[in-house]
Each structure stands twice: as structure tokens, then as C-alpha cells.
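Trainee: Mind having a look at this structure? Questions to follow.
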Amino acid sequence: MAEHLPVLVSAVVKAFGELRPGATIVDGTCGFGGHSAALLERYPGANVVGFDRDTEAVAHATQRLAGYGRRAVVRHGRFGKWLEQLRALGVDHAGGLLLDVGVSSYQLDRPERGFSFREAGPVDMRMDPGGGPSALEFLQGAPEDEIARVIWRYGDERLSRRIARQIKRALDEDRLSTTLDLAEICRRAYPKGQHRIDPATRTFQALRIHVNDELGELENALASVPEGMEEAGIIAVISFHSLEDRIVKQTMREWQEQSFGRILKPAPITADEPERVSNPRARSAKLRVFVWGAEDAKPTGADRYRSKKHRQGT
Ligand SMILES: C[S@@+](CC[C@H](N)C(=O)[O-])C[C@H]1O[C@@H](n2cnc3c(N)ncnc32)[C@H](O)[C@@H]1O
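If you want it as C-alpha cells, here you go:
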């Protein structure tokens, strides 16, 4: 089985450079545990609490990180609820939060998970197969204009209306049950000829983002940072899509404007040429890092935020 090759590992490890000994890093997208293992290796005083919404990933990461004993805890869960889940484990604040968002190559490469438009599988696309409706259930239940909106918004697909119409027609005629059926509908919606990318790419991406509420999860995770991050905590987010990167960039800018800390570098950190060649996923990866509670800011951004909330009686 193909393992997932983590991206930007040395940049991620470096980003957590000033970690307090004993700090707990939340790895919200534990996956195969690649980033977690690198952090545990490099920072022997740190602990990692890893979450993943995919139970298969949780099993793999648990096994991979077993050698670190109590320094590594892996649980099934969504990173949108990382703080709640961390507190349920008895840890009040995090010293770091790592999010490497999106799907893993392991998920993409398994046709039975429904992410692939190259091999037949169910039209599922849930990272957590036990959570919420599948892509097919969404397509069956949603009106045509809602499907078109999703494909347009999350896929930037100019033929979204035509594709949505063809999807509904195929469902009515019982011609849509596998990922290959869906891919064929997308391809037929396009005029014949050469296309830079497979015409199914954008629709599959859009449905995946919608089914897993990927942008909502990211917003929720970042919204918990002011309450859950300790002084000098590090927030590192790797995104692969402009919609995700925009959320990260804007949120970090707002935090900085409110003096909650500082953006480590104004431009995102990207992969160097050797990594781009050896790991194609790395080509679109952007890492943004924020240091919570600037060194000279006392009390910390988090404390200020908490006391403001307190004053407001929330
Ligand atoms: C790009 S991979 C991360 C790989 C990981 N950093 C590693 O080193 O192996 C993304 C992982 O995040 C998980 N994931 C995506 N969205 C999630 C969410 N909202 N909550 C928890 N896990 C999520 C996916 O199931 C997948 O395993």
C-alpha cells in the first residue's frame, strides 16, 4: 500500500523551533504520522496529540508513533474541534497547532474511497466514511442549482451549470453510481479537444471540499486558536488550494493586527525544486506560520483575548 509522503517536513520542523519544553503540539491532520514523527524526533521535550477524521489514518499513525510511548496520543476526530478534543484529554492549552489540510495520497489512491476519477469506486469522498452524507447522497438530495453553486464555488468550474444538469439527468435515468460515471459526465460536458487538466478534476475537488466541509473545518480550527494557544505557541498551516490559503492568510493578518502575535514570514513557505520533483503534491503546498503572543507583548495576545471575552461576559 502506498504510504503518504508528507510535504515540507524540514520547514515544518523548523517552524516549531522555539517550542517550550513539555509543550503539546496538536497535529490536527495526523494522517500517517509523518509530520508528528519528525516533530517528536526533533523536539524530545515535546508531546504530540494527533487527530484525524479518517479511522484508517488513525490506525496507521497509532502504530507508527507507538515507539514514542506517552509522548504521542492519536485520536479519531475533526480538527475543527481540536480544542474541545484536547481538553477532553486533560490538556488545557496547546503549544503548537499543525494543520496539513486536504486529502492524503493514501485516500486519493484508494478507489473504494471515491476520490479518484481514474478508477471505479463508489461516489463517496468522505474522509470519515462514518460522518455525514456521501457525495452521491448529496447529489441525490440537492437541487440542481445548489449542485451548480458548489461546483462553481469550490471548483471554479465555468461549466458548473451544465455539469449539474447532466448529473441530475444521469441520476434520474439511473446512470450515475460510480466515480467513473461521474467523471464521464464531466468530460462530456466539455467541448471535444485537448484539455490542460482532466475535465473531471474541478468537479471532484468541489464535491470533496463540500462533502467534508473543508473550509468550515479550517475556519473553526483557527477560531479556537485565541482561546487554546499558549504564549509563544506556533500555528503552522499547510494548504493546497487558494480558497484555503486565503482563509489562513486573512486570519493570520487579523491576529497580527490585533497584536495577538506575529506572522513569521509575509510570503508562504513553498517546496524547493528537489521536493517538487520527488513529490508532485508538494508543488501546490503553501505553509504559513504564526507565532502566538509576540515576544515583547505582555500580557500575551491570548491573555488579552481571554480577558476581553471575560469583560464582555462571554
Ligand atoms: C495531507 S494529509 C496529512 C498527512 C500527515 N501530515 C502526514 O504526515 O502523514 C491530510 C490528512 O488530514 C485528514 N483530515 C482532513 N481534514 C480533516 C479534519 N477536518 N479533521 C481531521 N482530519 C482531517 C485526512 O483524513 C488526511 O489523513
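Residues 47 to 360 in the numbering used here are what the sequence shown lists, from first letter to last. Even glycine gets a Cβ: it sits at the ideal position worked out from N, Cα and C.
State yes or no: is the C-beta of Glu-192 nearer than 6 Å to some heavy atom of ligand 1?
Mentor: Checking the Cβ of Glu-192 against ligand 1 gives no.
Trainee: Note down the Cα distance separating Ser-305 from Asp-244, rounded to an integer number of angstroms.
Mentor: About 44 Å.
Trainee: Considering only their Cβ atoms, is the gap separating Ala-69 from Ala-92 smaller than 7 Å?
Mentor: Cβ distance < 7 Å, so Ala-92 and Ala-69 count as in contact.
Trainee: Look up Asn-93 in the DSSP assignment and say whether it is helix, strand or coil.
Mentor: Strand.
Trainee: By the 10 Å Cβ neighbour count, where 16 or more other Cβ atoms means buried, how is Leu-135 classified, buried or exposed?
Mentor: Classification of Leu-135: exposed, given that the 10 Å Cβ count is below 16.
Trainee: How close, in whole Å, do the beta carbons of Ser-206 and Ala-194 come, if the pair is a contact with beta carbons under 8 Å?
Mentor: Sure, about 5 Å apart at Cβ, within 8 Å.
Trainee: With respect to the beta strand (DSSP E) encompassing Val-323, which residues constitute its N-terminal and C-terminal limits?
Mentor: That residue, Val-323, is in no beta strand (DSSP E); its alpha helix (DSSP H) goes 319-324.
Trainee: Return the first residue and the last residue of the beta strand (DSSP E) that Arg-334 is part of.
Mentor: Start and end: 332-338.
Trainee: Can you grab the Cα-Cα spacing for the pair Arg-117 / His-256, in whole Å?
Mentor: Spanning the two alpha carbons is a distance of roughly 34 Å.
Trainee: Given this structure, state the Cα-to-Cα distance separating Ala-343 from Arg-334, to the nearest angstrom.
Mentor: Note that Ala-343 scores a pLDDT of 40, beneath 50, so its modelled location is shaky; the value from the coordinates is reported in the next line. Approximately 21 Å between the Cα atoms of the pair.
Trainee: Buried or exposed: Lys-311, going by 16 or more other Cβ atoms within 10 Å of its Cβ?
Mentor: Lys-311 is exposed by the Cβ-count criterion.
Trainee: By DSSP, does Glu-64 sit in helix, in strand, or in coil?
Mentor: DSSP places Glu-64 in coil when its eight states are reduced to three.
Trainee: What is the C-beta distance between Leu-154 and Pro-168, in whole angstroms, given that I count them as a contact (C-beta under 8 Å)?
Mentor: Not a contact, Cβ separation roughly 15 Å.
Trainee: Are there 16 or more other CB atoms within 10 angstroms of the CB of Thr-368, so buried, or fewer, so exposed?
Mentor: The structure shown does not extend to residue 368, since the chain is modelled only from 47 through 360, so no value can be given for it.
Trainee: Go through its chain and collect everything with a Cβ distance to Arg-352's Cβ below 6 Å, but skip five positions before and after it.
Mentor: Only weak support exists for where Arg-352 lies, its pLDDT of 41 falling under 50; the coordinates are left without a value.
Trainee: Could you check if Gln-296 is buried or exposed, using at least 16 other CB atoms within 10 Å of its CB as the buried criterion?
Mentor: With fewer than 16 Cβ atoms within 10 Å of its Cβ, Gln-296 is classed as exposed.
Trainee: Please list the terminal residues of the continuous alpha helix (DSSP H) segment that includes Thr-365.
Mentor: In the structure as shown, the chain starts at 47 and stops at 360, and residue 365 therefore has no counterpart that could be examined.
Trainee: To the nearest angstrom, how far is the alpha carbon of Thr-75 from that of Ala-57?
Mentor: Their Cα atoms are separated by approximately 17 Å.
Trainee: Provide the residue span of the alpha helix (DSSP H) that contains Ser-151, from first to last.
Mentor: Counting along the chain, the alpha helix (DSSP H) containing Ser-151 begins and ends at 151-154.
Trainee: Within the present structure, is the beta-carbon of His-106 separated from the nearest heavy atom of ligand 1 by less than 6 Å?
Mentor: No - ligand 1 has no heavy atom lying nearer than 6 Å to the Cβ of His-106.
Trainee: Is the region 83-92 touching the region 104-120 in the sense that three or more CB pairs, one from each, lie closer than 8 Å?
Mentor: Counting Cβ pairs under 8 Å, three or more are found: they touch.
Trainee: Pull up the CB-CB distance for Asp-98 and Gly-77, whole angstroms please, since I reckon it's below 8 Å.
Mentor: Yes, they are in contact, since the Cβ atoms of Asp-98 and Gly-77 sit about 6 Å apart, within 8 Å.
Trainee: Any heavy atom of ligand 1 closer than 6 Å to the beta-carbon of Met-173?
Mentor: Yes; taking the cut-off as 6 Å, the Cβ of Met-173 has a heavy atom of ligand 1 nearer than that.
Trainee: Taking Cβ to Cβ, would you say Gly-142 is nearer than 7 Å to Ile-280?
Mentor: Yes, Cβ-Cβ distance for Gly-142 and Ile-280 is below 7 Å.
Trainee: May I ask whether a heavy atom of ligand 1 can be found less than 6 Å away from the beta carbon of Glu-263?
Mentor: Indeed, a heavy atom of ligand 1 lies less than 6 Å from the Cβ.
Trainee: How far does the alpha helix (DSSP H) with His-50 in it reach, from first residue to last?
Mentor: That residue, His-50, is in no alpha helix (DSSP H); it is neither H nor E in DSSP.
Trainee: If I measure Cβ to Cβ from Leu-51 and keep anything under 6 Å in the same chain, skipping five residues before and after, which residues do I get?
Mentor: Result list for Leu-51: Asn-325, in chain order.
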